[in-house]
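K.L.:
Numbering (the working numbering), first residue to last: 277 to 525.
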């Protein structure tokens, strides 16, 4: 597939047909346009997760600028085959776990497509006594959560196939935040609205623009001993509750 697509090019029509078929369960009324060197996507996505999958699929075909502004997330339905395996926990099973325990008992899942950053983060958390597992894509992260819900999820902005916002939205939709807390690190300004506008946004998501391994380790230790809240956020980490960010908006 050429890196340059034009509205008059048959390949644009063929690509649109392929994307429609591949993403038929996640995106409806899909249409591609190409103007002034930019590929535009129109349609209705079922979730942030499905929107991210489509955008990343299209990026594999072209190096032109891609605009997903008209690709609207209409509902909070997650019908992807990976998410269909995730069953909500019953009320009895979803009671929050006690916080006042040693960090060594905490299970942490770290998700990032930056392999260098991921390796450093895993090693640092293991040093402070956590049991750590790793996921290199959004799909892999959701599969790990489905198999065994961790106590803490650390999700990096550089996460392919699903994206950080897609993973968090899916976990919130399935009620997993009754059992886990999440830190979204390296969050860019452009993702703030996507996070705060998620339906049924849980309070146990924390945001930070920093990506420092030591700061992430500190976050996990603060949470594990129960002294962490929106008012005592270390190193620019802020709680999502009431759309509280650092610095204040």
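Note that CB positions come from ideal geometry on N, CA and C, so glycine has one too.
Where are the beta strand (DSSP E) runs, 3 residues long or more, that stay fully inside the stretch 318–342, in chain order?
P.N.:
Complete beta strand (DSSP E) runs here, min 3: none at all.
K.L.:
According to DSSP, simplified to helix, strand and coil, what is residue 425?
P.N.:
Here residue 425 corresponds to residue number 149 of the chain shown, with the count starting at 1. It is coil, neither helix nor strand.
K.L.:
By the 10 Å Cβ neighbour count, where 16 or more other Cβ atoms means buried, how is residue 426 classified, buried or exposed?
P.N.:
Taking the chain shown and counting its residues from 1, one reaches residue 426 at position 150. Counting Cβ neighbours within 10 Å, residue 426 comes out buried, since at least 16 surround it.
K.L.:
Mind pulling the beta strand (DSSP E) runs of 3 or more residues that sit fully within the stretch 426–458?
P.N.:
Runs of the beta strand (DSSP E) inside the stretch 426–458: 428–432.
K.L.:
Could you tell me how far apart the beta carbons of residue 347 and residue 317 are, in whole angstroms, since I believe they sit closer than 8 angstroms?
P.N.:
Reading the chain shown from its first residue, position 71 is the one you call residue 347. Reading the chain shown from its first residue, position 41 is the one you call residue 317. Right, the Cβ-Cβ distance comes to about 5 angstroms (below 8 angstroms), so this counts as a contact.
K.L.:
Based on the DSSP secondary-structure assignment, which residues constitute the bridge partners of residue 460?
P.N.:
Within the chain shown, residue 460 is the residue found at index 184, counting from 1. Beta-bridge pairing links residue 460 to 431 and 483.
K.L.:
Measure the CB-CB distance between residue 428 and residue 385 and report whether it falls below 9 angstroms.
P.N.:
Looking up residue 428 in the chain shown gives position 152. Looking up residue 385 in the chain shown gives position 109. It is a contact, given that the beta carbons lie within the stated cut-off.
K.L.:
Are the beta-carbon atoms of residue 322 and residue 339 separated by less than 9 angstroms?
P.N.:
Taking the chain shown and counting its residues from 1, one reaches residue 322 at position 46. Taking the chain shown and counting its residues from 1, one reaches residue 339 at position 63. Their beta carbons are not under 9 angstroms apart, which means residue 322 does not touch residue 339 by this criterion.
K.L.:
Relative to the C-alpha of residue 392, which residue among 467, 403, 313 and 435 is closest?
P.N.:
Residue numbering aside, residue 392 sits at position 116 when the chain shown is read from its first letter. The shortest Cα separation from residue 392 among 467, 403, 313 and 435 belongs to 435.
K.L.:
Determine whether the beta carbon atoms of residue 446 and residue 453 lie at a separation below 9 angstroms.
P.N.:
To locate residue 446, count along the chain shown from 1; it is residue 170. To locate residue 453, count along the chain shown from 1; it is residue 177. No. Outside cutoff.
K.L.:
Which residues bound the alpha helix (DSSP H) around residue 309?
P.N.:
As a first step, residue 309 is located in the chain shown; it is residue number 33 there, counting from the start. Element bounds for residue 309: not the alpha helix (DSSP H) but the beta strand (DSSP E), 303–311.
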